[in-house]
Structure formats: structure tokens, C-alpha cells
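Visitor: Mind having a look at this structure? Questions to follow.
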Amino acid sequence: MSQNNWQELEQKLFLRTINRVPVTLVRGKGALAWDDQGKEYLDFVGGWAVNSLGHCPPVVVKALEKQAKTLIQASNQFYTIPQIELAQLLIGHSCLDRVFFCNSGAEANEGAMKLARRYGKLRLHGAYEILTTYSSFHGRTLAMTAATGQSKFQEPYIPLPDGFINVEYNNVEAIKRATSEQTCAVVLEPVQGEGGVNIPGDDYLQKVQDWCREKGILFILDEVQTGVGRTGTLFAYEQYGVEPDIMTLAKGLGSGVPIGAFLAKEEASVFSPGEHGSTFGGNPLVCAAAYATLKYIIDHKIPGKVKRVGNYFLTRLESLKQQFDFITEVRGRGLLIALEFNQEIAEKLVLACIDRGLLVNNVKPNALRFMPPLIITEKEVDKAIGILRDVLEEMRNPKH
Ligand SMILES: *Cc1c(COP(=O)(O)O)cnc(C)c1O
Numbered sequence: 001m002s003q004n005n006w007q008e009l010e011q012k013l014f015l016r017t018i019n020r021v022p023v024t025l026v027r028g029k030g031a032l033a034w035d036d037q038g039k040e041y042l043d044f045v046g047g048w049a050v051n052s053l054g055h056c057p058p059v060v061v062k063a064l065e066k067q068a069k070t071l072i073q074a075s076n077q078f079y080t081i082p083q084i085e086l087a088q089l090l091i092g093h094s095c096l097d098r099v100f101f102c103n104s105g106a107e108a109n110e111g112a113m114k115l116a117r118r119y120g121k122l123r124l125h126g127a128y129e130i131l132t133t134y135s136s137f138h139g140r141t142l143a144m145t146a147a148t149g150q151s152k153f154q155e156p157y158i159p160l161p162d163g164f165i166n167v168e169y170n171n172v173e174a175i176k177r178a179t180s181e182q183t184c185a186v187v188l189e190p191v192q193g194e195g196g197v198n199i200p201g202d203d204y205l206q207k208v209q210d211w212c213r214e215k216g217i218l219f220i221l222d223e224v225q226t227g228v229g230r231t232g233t234l235f236a237y238e239q240y241g242v243e244p245d246i247m248t249l250a251k252g253l254g255s256g257v258p259i260g261a262f263l264a265k266e267e268a269s270v271f272s273p274g275e276h277g278s279t280f281g282g283n284p285l286v287c288a289a290a291y292a293t294l295k296y297i298i299d300h301k302i303p304g305k306v307k308r309v310g311n312y313f314l315t316r317l318e319s320l321k322q323q324f325d326f327i328t329e330v331r332g333r334g335l336l337i338a339l340e341f342n343q344e345i346a347e348k349l350v351l352a353c354i355d356r357g358l359l360v361n362n363v364k365p366n367a368l369r370f371m372p373p374l375i376i377t378e379k380e381v382d383k384a385i386g387i388l389r390d391v392l393e394e395m396r397n398p399k400h
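So in the working numbering, spot 300 of the sequence shown is number 300, and the numbers just go up one at a time.
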């Protein structure tokens, strides 16, 4: 079937929740992907910051093959070994003590916030309100839509579940002002991903943590996007000298198999049996993939490489900024990077990049986001920069 036919079928068969770009991907290897016409792309979208080790990493493929032949699903009525091994690895390398596995980022956050509500009920005289920030993104369930402080996600669904208050990001005073007797937790992204790669001041997380400790409320970090090496440390909180009471993970954890997790300190682990659960969560297949991914990232010291290559990428983008006056900002941490413009040209740039064999994301109408695999090389960064430069040049001097 031709490319157009697949894409026409999609238009007919699917609920219209997204306008996809006109590329039908059929295969991937490392940082490369191919469409159904055989065209090759350098992939700086990375499955939306999911493909930590690139497409089809051999260690993960091997783990999946082995587990698929052994045990795929058993339910959480039983003990299964891959989820216990994954739990050991996560807890051994983080400041948290206990874990719950689920299937996505939204579910991880939903679970974390349910845990915060239990904590409020049991330890804080029934406090239930959760503070989150503008421009945040916490997922698409109804409750996480209320937690996500962006009106474009909220307005279609009003009235939203109660108990979420959105305040300004990178503003400790806003959090202090919104805190009341009813507050049980604050939830933050260490770097806002979907909101446009927004990086807070160096002391913001520390100050929010101090405030939470002072008030006895939970300090929760949504590391669904920043976790598992993306920002240059295994977890982003390590760079800010803080320790969350609860942390959520998903995107980069499983190399593309659907897995999410929330982890909690012992003091915050207040669930009793029956209060939360999942049919697929932590099944042996996804846990084997996540274990292989995480083990590789730890054993091969990938976060350090992310920091190095990420800084190199930032430097190269800075030099592009010198050449094109419509670039207003370059910002990022590790391999979570954005390029912002003084015009709404991001969609046009995405299409022009596709033409030249580079996949990038238009995170905002006026900003591109780069989330390449964590194993990307400087040479591949150079190649992407070359394509970007050509595309920006063409934007400046359009051919008529
Ligand atoms: C992507 C994302 C989510 C939602 O994850 P899904 O797997 O799409 O449900 C939540 N929080 C953050 C920070 C994210 O980047």
C-alpha cells in the first residue's frame, strides 16, 4: 500500500485527537528510522523521549525475546521475578524505598496523587489539595488534566475533578500563597518537558522541598520525562540537591514498551492492600525490557555521556543562534533541549526537516524540542545541526 493510502485510512478510522506529520514509520535501528517508502531519517524525537537506547536496542530485543518465550503476563495475584528485579535496581539507584508499576506516565502520576491523598487522609487530617504548576504536563486522565496547568487541555473537559490548584512555575512564593490546611502535596517537573523545556532557577526545587518539609506536606517530582538519564543524571532531582518523597517515571524506562512507575519514601508509603492496583502493571514482559534498559544505562554510565553530548549539542545550537536572529533562545538539560523563535515557524521547520531526513518535535508553535536517544553521538548531532542550518537558511531566504 502506498504512503498516501495508509495515511488516508488513518484519517478515516481514528478519532481526531492529533494531526500527525506525513511520515509512516516502519522500522528503526539506533538513532535511525525508515518510512514505508524506504526513506531514512535521523530520529531526534525518540518516540517522545522514550527510546533511551535508540530503536530496537539489541539488549532489550534479547530480553523481550527471552521473556516472551517464558512468561508474558501472570497478574499481580502472584509474585513474578522480573518486576522484583526491576524494583531492586530502581530502589538501589534512587533515594526512594518502595515502588508500584503501571503502564504509562499518566497512570504513574494518577497513582502518586492517589497516594498523596491517602497520606493526607491518614497523616494530615484529611488534607487533599495538590498544588501543581502552569505549563506543566502530568497526563491525560481526567484527574491529571486537572493537575496539568494548561487551559488548552482543561477547557474541553470542565468541570474537572476537584482538589488541584495550578500556580506559577519557578515561583516559590506562589506555592507558599496557595498552601493551606487542605494541602497534602506539591507536584513538579524538575524541567517542564511538554510545556516547552522550561528550566527553573537553580534553587527552586530546593526551596519548594524546604517549604514542603516545613509544612509536613509531600514533595512529589514528576520525572516521567526527565528520569532515567535524560537530563544527564539518572534522575533529574540529583542535580538539584533534593530528595522527593514520591517520584514518577515512565517514558525512558522501557525502551518503548508501555511501563510507568511511582516510587515513594518509606514514610510516604501509606497504601494498604486493595487501595490501588493494575492488571498489566509490572507484567514480566515489560519489566524484562525495562530492566535491560535501566541496567544498560547504569552499567554503561549513560547519564554522564548524556551530559557531555547534551552540552556539545547546546553549544552547536548556540552557534546557530548567533547566525539566525529569529532564534531567541536555546535551552536544555542533557538531551532535553529546545530552540525558540520569535515567530510561529515550528511546524514549518518540522516539515522542512522531514524533507531533509531529520525528525524533530514542534513542542510549541514557536519552539522545537529535541529528545534524541541517550546513545546519540557527537557525529549524529553534527549531522542534525547541518540539516537544521540548511532549513533555517531556507527559512531566512525562501525560494520562490
Ligand atoms: C509524557 C508525560 C506524562 C504523561 O505520560 P503518558 O505516558 O503519555 O501518560 C506525564 N508527565 C510528564 C512530565 C510527561 O512528560
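Cβ atoms here follow ideal geometry from the backbone N, Cα and C, with glycine treated the same way. All of these numbers come straight from a predicted model, not from anything done at the bench.
1) To test your reading of the DSSP string, which unbroken alpha helix (DSSP H) runs of 4 or more residues are found completely within the stretch 54–83?
2) Give, in chain order, every unbroken run of the beta strand (DSSP E) that is at least 3 residues long and sits entirely within the stretch 314–362.
3) Should GLY28 go down as buried or exposed, given a rule of 16 or more other Cβ atoms within 10 Å for buried?
4) What's the gap between the Cα of ALA31 and the Cα of PHE164?
5) Tell me whether VAL363 is buried or exposed, calling it buried when 16 or more other Cβ atoms sit within 10 Å of its Cβ.
6) Grab me the residues of PRO57's own chain with a C-beta within less than 7 Å of its C-beta, minus the 5 sequence neighbours each way, in chain order.
7) According to DSSP, is GLY260 helix, strand or coil?
8) Look at the alpha carbon of VAL286 and the alpha carbon of LYS399, and state the distance between them as a whole number of angstroms.
9) When you compare only the Cα positions, how much space is there between PHE271 and LEU115?
10) Measuring only the C-alpha atoms, how far is ALA106 from LEU42?
11) Just checking my contact of ASN166 with THR133 at CB under 8 Å: how many whole Å lie between their CB atoms?
12) Does the beta-carbon of ALA174, which I'm using as the reference point, lie nearer than 7 Å to any heavy atom of ligand 3?
13) Hey, would you say CYS212 sits closer than 8 Å to ARG117, going by beta carbons?
14) In its own chain, which residues sit with a C-beta less than 6 Å from the C-beta of ALA288, not counting the 5 before and 5 after it?
15) Out of LEU392, CYS353 and VAL391, state which residue places its alpha-carbon closest to the alpha-carbon of VAL45.
16) Using CA atoms only, rank isn't needed, just tell me which of GLY229, LYS215 and HIS276 is closest to MET113.
17) To the nearest angstrom, report how far apart LEU188 and THR148 are at their CA atoms.
18) Which same chain residues, not among the five before or five after ALA146, have their C-beta less than 6 Å away from its C-beta?
19) Contact check, GLY332 vs VAL197 under 8 Å by CB: the rounded distance?
20) Applying the 10 Å Cβ sphere with the 16-neighbour rule, what's the burial state of VAL228?
21) Checking the sheet assignment: what are the DSSP bridge partners for TYR41?
22) On a CA-only basis, which of LEU336, LEU374, PHE313 and ILE337 is nearest GLY386? Give me that one, please.
23) Would you check if the distance between the CB atom of LEU191 and the CB atom of ALA236 is smaller than 8 Å?
24) Helix, strand or coil: how does DSSP classify VAL167 here?
25) Using only the heavy atoms of ligand 1, determine whether one of them is closer than 7 Å to the beta carbon of HIS55.
26) Is ARG369 helix, strand or coil by DSSP?
27) Beta-carbon within less than 7 Å of LYS265's beta-carbon, same chain only, minus the 5 sequence neighbours each way: which residues are those?
28) May I ask whether a heavy atom of ligand 1 can be found less than 7 Å away from the beta carbon of ASP35?
29) Is the beta carbon of GLN206 closer than 8 Å to that of TYR169?
30) Taking DSSP as the reference, what is the three-state secondary structure of TYR134?
Guide: Looking at the coordinates:
1) For the stretch 54–83, the continuous alpha helix (DSSP H) assignments of 4+ residues that do not extend past its boundaries occur at 58–68, in sequence order.
2) DSSP runs (the beta strand (DSSP E)) wholly in the stretch 314–362: 327–333 and 336–341.
3) One-based indexing of the sequence shown puts residue 28 at position 28. Burial call: buried.
4) Here residue 31 corresponds to residue number 31 of the sequence shown, with the count starting at 1. Here residue 164 corresponds to residue number 164 of the sequence shown, with the count starting at 1. The alpha-carbon atoms of ALA31 and PHE164 are separated by roughly 39 Å.
5) Reading the sequence shown from its first residue, position 363 is the one you call residue 363. Answer is buried; the Cβ neighbour count reaches 16.
6) The residue labelled residue 57 in the question sits at position 57 within the sequence shown. The answer, listed in chain order, is SER255.
7) Counting from 1 along the sequence shown, the entry for residue 260 is found at position 260. Shown here, GLY260 sits in a strand according to DSSP, grouped into three states.
8) Taking the first residue of the sequence shown as 1, we reach residue 286 at position 286. Taking the first residue of the sequence shown as 1, we reach residue 399 at position 399. LYS399 has its alpha-carbon roughly 48 Å from the corresponding atom of VAL286.
9) On the sequence shown, position 271 is the one that residue 271 refers to. On the sequence shown, position 115 is the one that residue 115 refers to. So the alpha carbons of these two residues sit roughly 7 Å apart.
10) To locate residue 106, count along the sequence shown from 1; it is residue 106. To locate residue 42, count along the sequence shown from 1; it is residue 42. Near 28 Å, if we compare the C-alpha coordinates of LEU42 and ALA106.
11) Residue 166 sits at position 166 when you count from the first residue of the sequence shown. Residue 133 sits at position 133 when you count from the first residue of the sequence shown. So it is a contact: roughly 6 Å between Cβ atoms.
12) Judged by which ligands are present, ligand 3 is missing from the structure shown, whose ligands are ligand 1.
13) Residue mapping note: residue 212 aligns to position 212 of the sequence shown, counting from 1. Residue mapping note: residue 117 aligns to position 117 of the sequence shown, counting from 1. Contact flag unset, no.
14) One-based indexing of the sequence shown puts residue 288 at position 288. These residues qualify, in order along the chain: ALA63, GLN67 and PRO82.
15) Here residue 45 corresponds to residue number 45 of the sequence shown, with the count starting at 1. Considering only alpha carbons, the answer is CYS353.
16) Numbered from its first residue, the sequence shown carries residue 113 at position 113. Considering only alpha carbons, the answer is HIS276.
17) Translated into the one-based positions of the sequence shown, residue 188 becomes position 188. Translated into the one-based positions of the sequence shown, residue 148 becomes position 148. Their backbone Cα atoms lie some 10 Å apart in a straight line.
18) Stepping through the sequence shown from its first residue, residue 146 is reached at position 146. Leaving aside the five residues that flank ALA146 on each side, the residues in its chain whose CB is nearer than 6 Å to its CB run, in chain order, LEU160, PRO161 and PHE164.
19) Numbered from its first residue, the sequence shown carries residue 332 at position 332. Numbered from its first residue, the sequence shown carries residue 197 at position 197. Between GLY332 and VAL197 a beta carbon distance of about 6 Å is seen, short of the 8 Å cut, so the two are scored as contacting.
20) Counted from its first residue, the sequence shown places residue 228 at position 228. VAL228 is buried by the Cβ-count criterion.
21) The residue you call residue 41 lines up with position 41 of the sequence shown. Residue pairing for TYR41: DSSP places it in a beta bridge opposite ALA33.
22) Within the sequence shown, the letter at position 386 stands for residue 386. Nearest in C-alpha terms to GLY386, of all of LEU336, LEU374, PHE313 and ILE337, is PHE313.
23) Taking the first residue of the sequence shown as 1, we reach residue 191 at position 191. Taking the first residue of the sequence shown as 1, we reach residue 236 at position 236. The sequence given here has Val at residue 191, not Leu. Judged by their CB atoms, VAL191 and ALA236 are nearer to each other than the 8 Å cut-off.
24) The sequence position of residue 167 within the sequence shown is 167, counting from 1. Here VAL167 carries a strand assignment [DSSP, helix/strand/coil].
25) One-based indexing of the sequence shown puts residue 55 at position 55. Checking the Cβ of HIS55 against ligand 1 gives no.
26) What you label residue 369 is simply residue 369 of the sequence shown in a count that begins at 1. ARG369: strand per DSSP, three-state reduction.
27) Working through the sequence shown from its first residue, we reach residue 265 at position 265. Correct list, in chain order: LEU96, ASP97 and ASP245.
28) Within the sequence shown, residue 35 is the residue found at index 35, counting from 1. Because no heavy atom of ligand 1 lies under 7 Å away, the Cβ of ASP35 does not count as near it: no.
29) Taking the first residue of the sequence shown as position 1, residue 169 is located at position 169. Taking the first residue of the sequence shown as position 1, residue 206 is located at position 206. No, the Cβ-Cβ distance between TYR169 and GLN206 is not below 8 Å.
30) The residue labelled residue 134 in the question sits at position 134 within the sequence shown. Annotated three-state conformation of TYR134 is strand, per DSSP.
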